[in-house]
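Trainee: When the letters of the sequence shown are read in order and numbered with the working numbering, they come out as residues 592 to 866. The beta-carbon is built from N, C-alpha and C at its ideal position, and this holds for glycine as well.
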Amino acid sequence: IESEASFRRPVTAAIDITTIPYYGDVEGMSMVSGTKDRDSRAFKFATLSIIGQNIPLVLAVEPVRESSGWDDNPSNQIHRTVRRLVRRAKRHVPIETVLCDREFDSIQVFQTLSNLDVNYLIPKRISSSERDILKQMEEDDQEVAVESASVHVESGSHPMRLLYVPSTSGEGTAVFATNLRVGPDEAEAFCKRYSRRWQIESEYKSIKGDFLAKTSSKDYRVRLFYFVFAVLLYNIWRLTDFLLKADVDGEMDYAPVITAGECVELVASALIPHD
Numbered sequence: 592i593e594s595e596a597s598f599r600r601p602v603t604a605a606i607d608i609t610t611i612p613y614y615g616d617v618e619g620m621s622m623v624s625g626t627k628d629r630d631s632r633a634f635k636f637a638t639l640s641i642i643g644q645n646i647p648l649v650l651a652v653e654p655v656r657e658s659s660g661w662d663d664n665p666s667n668q669i670h671r672t673v674r675r676l677v678r679r680a681k682r683h684v685p686i687e688t689v690l691c692d693r694e695f696d697s698i699q700v701f702q703t704l705s706n707l708d709v710n711y712l713i714p715k716r717i718s719s720s721e722r723d724i725l726k727q728m729e730e731d732d733q734e735v736a737v738e739s740a741s742v743h744v745e746s747g748s749h750p751m752r753l754l755y756v757p758s759t760s761g762e763g764t765a766v767f768a769t770n771l772r773v774g775p776d777e778a779e780a781f782c783k784r785y786s787r788r789w790q791i792e793s794e795y796k797s798i799k800g801d802f803l804a805k806t807s808s809k810d811y812r813v814r815l816f817y818f819v820f821a822v823l824l825y826n827i828w829r830l831t832d833f834l835l836k837a838d839v840d841g842e843m844d845y846a847p848v849i850t851a852g853e854c855v856e857l858v859a860s861a862l863i864p865h866d
């Protein structure tokens, strides 16, 4: 796809973590983590994907190892996972902006992305300082505000902006962190870029629903291979769809012209020898 003019560069990317449920005994399972549901356990994988108006592709996968009550793992350093994902993805395409969810709201993550020369847009958890700003906005009948801030950690420092904009998911105000210079007049429109992140949820649904083979293996190497192979099949599907569209009319939209099931059948017919 390198020669295709319809493939836009640099790209907007999304980083997220997805889970594969695990129902067995956790004793000795250092790669099994807890989930938001306190009684559930899962394998976790972090991915970086191209999103926006481009072809949706997964460019990097990283295992996630967390500290749990049944293992001796050190605390998860999520910014290191982010660093590995972005470095690997930048071997393939230039990255302009990275979108993450609140799980990545960390000054270490912010600085890591700044050090990698990429822009970021990440929703903030609401702390006391944000509540003070929100209260002042309410008193002033203000819908949008931009506050200057800065990040200072061992690995470096950089200026950033906190953007207070009307929430698109309900009433109230959402707060985003970015390292771009964004003013009050453009803050709301800029934060609407975050809505593109929904594509990664659709991506996970397809990877796990259409391409991930079932296994009860407790061997993490098997689990990792199954997930990465499912990602590979997903990418083959999306690349095939992209090239079909480029060959026919050159117009790109998110809806595929070939289904995931049709792609699986084509791959299987090529891999399985005929009698």
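Could you tell me the alpha carbon to alpha carbon distance between residue 640 and residue 716, rounded to whole angstroms?
Mentor: Numbered from its first residue, the sequence shown carries residue 640 at position 49. Numbered from its first residue, the sequence shown carries residue 716 at position 125. Going from the Cα of residue 640 to the Cα of residue 716 covers about 23 angstroms.
Trainee: Looking at the structure shown, is residue 698 part of a helix, part of a strand, or coil, going by DSSP?
Mentor: Looking up residue 698 in the sequence shown gives position 107. Residue state, collapsed to three classes: helix.
Trainee: If you measure between the beta carbons of residue 725 and residue 683, is that distance less than 8 angstroms?
Mentor: Counting from 1 along the sequence shown, the entry for residue 725 is found at position 134. Counting from 1 along the sequence shown, the entry for residue 683 is found at position 92. Their beta carbons are not under 8 angstroms apart, which means residue 725 does not touch residue 683 by this criterion.
Trainee: Whole angstroms are fine: how far does the CA of residue 775 sit from the CA of residue 736?
Mentor: On the sequence shown, position 145 is the one that residue 736 refers to. On the sequence shown, position 184 is the one that residue 775 refers to. Cα to Cα, the separation comes out at about 6 angstroms.
Trainee: Within this structure, are the beta carbons of residue 826 and residue 771 separated by less than 8 angstroms?
Mentor: The residue given as residue 826 occupies position 235 in the sequence shown. The residue given as residue 771 occupies position 180 in the sequence shown. No. Outside cutoff.
Trainee: Is the segment 609-621 touching the segment 757-768 in the sense that three or more CB pairs, one from each, lie closer than 8 angstroms?
Mentor: The answer is no - the segment 609-621 does not touch the segment 757-768, with fewer than three Cβ pairs under 8 angstroms.
Trainee: Of the choices 703, 648 and 762, whose alpha-carbon is the least far from that of residue 792?
Mentor: For the purposes of this step, residue 792 is taken as residue 201 along the sequence shown, with counting starting at 1. That would be 648, whose Cα lies nearest to the Cα of residue 792.
Trainee: Which residues mark the beginning and the end of the alpha helix (DSSP H) in which residue 720 is found?
Mentor: In the sequence shown, counting from the first residue as 1, residue 720 sits at position 129. 719-730 is the extent of the alpha helix (DSSP H) around residue 720.
Trainee: For residue 822, does the three-state DSSP call read helix, strand or coil?
Mentor: As a first step, residue 822 must be located in the sequence shown, where it is residue number 231. It is helical.
Trainee: Among 807, 799, 838 and 834, which has the Cα closest to the Cα of residue 823?
Mentor: Position 232 of the sequence shown, counting from 1, holds the residue named residue 823. Nearest of 807, 799, 838 and 834 to residue 823, Cα basis: 799.
Trainee: Would residue 727 be called buried (16 or more neighbouring beta carbons within 10 Å of its own) or exposed?
Mentor: Taking the sequence shown and counting its residues from 1, one reaches residue 727 at position 136. Per the 10 Å Cβ criterion, exposed.
Trainee: Using only the alpha-carbon positions, how far apart do residue 607 and residue 672 sit?
Mentor: Sequence index remark: in the sequence shown, residue 607 carries index 16 (1-based). Sequence index remark: in the sequence shown, residue 672 carries index 81 (1-based). Each residue's Cα considered, the two are about 11 angstroms apart.
Trainee: Assuming residue 817 and residue 804 are in contact, meaning their beta carbons sit under 8 angstroms apart, how far apart are those beta carbons, in whole angstroms?
Mentor: What you label residue 817 is simply residue 226 of the sequence shown in a count that begins at 1. What you label residue 804 is simply residue 213 of the sequence shown in a count that begins at 1. The Cβ separation is near 6 angstroms, so the contact holds.
Trainee: Starting from the N-terminal side, write out each stretch of the alpha helix (DSSP H) that is 4 residues or longer and does not extend beyond the segment 741-816.
Mentor: List check, alpha helix (DSSP H) in window: 775-782 and 789-797.
Trainee: Can you check DSSP and say which residues form a bridge with residue 642?
Mentor: To locate residue 642, count along the sequence shown from 1; it is residue 51. In the DSSP output, where bridge partners are listed per residue, residue 642 has 603.
Trainee: Using DSSP's beta-bridge definition, name the partner residues of residue 632.
Mentor: In the sequence shown, residue 632 corresponds to position 41, counting from 1. Its beta-bridge partners are 613 and 625.
Trainee: So residue 738 and residue 753 are supposed to be a Cβ contact under 8 angstroms. How far apart are they, rounded?
Mentor: Taking the first residue of the sequence shown as 1, we reach residue 738 at position 147. Taking the first residue of the sequence shown as 1, we reach residue 753 at position 162. Right, the Cβ-Cβ distance comes to about 4 angstroms (below 8 angstroms), so this counts as a contact.
Trainee: Which value, in whole angstroms, describes the spacing of the CA atoms of residue 626 and residue 693?
Mentor: Here residue 626 is taken as the residue at index 35 of the sequence shown, counted from 1. Here residue 693 is taken as the residue at index 102 of the sequence shown, counted from 1. Using only the alpha carbons, I get a separation of about 15 angstroms.
Trainee: Looking at residue 747 and residue 702, is the spacing between their C-beta atoms short of 8 angstroms?
Mentor: The sequence position of residue 702 within the sequence shown is 111, counting from 1. The sequence position of residue 747 within the sequence shown is 156, counting from 1. Cβ distance < 8 angstroms, so residue 702 and residue 747 count as in contact.
Trainee: So for residue 860, helix, strand or coil by DSSP?
Mentor: Taking the sequence shown and counting its residues from 1, the one referred to as residue 860 is at position 269. If DSSP states are grouped into helix, strand and coil, residue 860 belongs with the helices.
Trainee: Cβ-heavy atom distance between residue 635 and the ligand FMN below 7 angstroms?
Mentor: The ligand FMN is not part of this structure, which contains no ligands at all.
Trainee: If we ignore side chains and look at the alpha-carbon of each, how far apart do residue 695 and residue 731 end up?
Mentor: Within the sequence shown, residue 695 is the residue found at index 104, counting from 1. Within the sequence shown, residue 731 is the residue found at index 140, counting from 1. Rounded to the nearest angstrom, the two C-alpha atoms are 31 angstroms apart.
Trainee: Residue 658 to residue 688, Cα distance in whole Å?
Mentor: Here residue 658 corresponds to residue number 67 of the sequence shown, with the count starting at 1. Here residue 688 corresponds to residue number 97 of the sequence shown, with the count starting at 1. So the two alpha carbons sit approximately 30 angstroms from each other.
Trainee: Out of 829, 614, 761 and 848, point me to the one whose CA is closest to residue 807's CA.
Mentor: Your numbering for residue 807 matches position 216 in the sequence shown. Looking at the Cα atoms, 614 is the closest of the given residues.
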